[in-house]
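What follows is a set of notes on a single structure, which appears directly below.
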Amino acid sequence: NKVPLNNVAGKTRHMPDDFMLPDANQLSDAGMAYLKRLVPEKYKVGKPFV
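Taking our numbering, the leading residue of the sequence shown gets 1, the next gets one more, and so forth.
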């Protein structure tokens with residue numbers, strides 16, 4: 001099952017310039033704050049109850 005091209009074409013958005021640090025290839029605090037809410041936290045495995 002493929003998504004028709006007209007459903008996705010032309011709907012991309014560029015990341016704002018302030019999301020990246022100007023002197024490095026790293027996320028700024030603003031970029032991290034925005035993207036952090038889109039990525040789930042790493043699952044933490046606990047000890048099993050025995």
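Every residue, glycine too, gets a C-beta built ideally from N, C-alpha and C.
The structure presented is a predicted model; accordingly, all values stated were derived computationally and were not measured.
{"Asked": "Would you say the segment 23 to 42 touches the segment 5 to 13, given that touching needs at least three Cβ pairs under 8 Å?", "Found": "no"}
{"Asked": "Here's a check: name, in chain order, each residue in its chain whose Cβ is nearer than 8 Å to the Cβ of Met15, leaving out the five neighbours to either side.", "Found": "Gly31"}
{"Asked": "Who are Leu27's beta bridge partners in DSSP?", "Found": "Met20"}
{"Asked": "Output needed for Phe19: all residues of its chain with C-beta closer than 7 Å, excluding positions within five of it in sequence on either side, in chain order.", "Found": "Leu27, Ser28, Ala30, Gly31 and Tyr34"}
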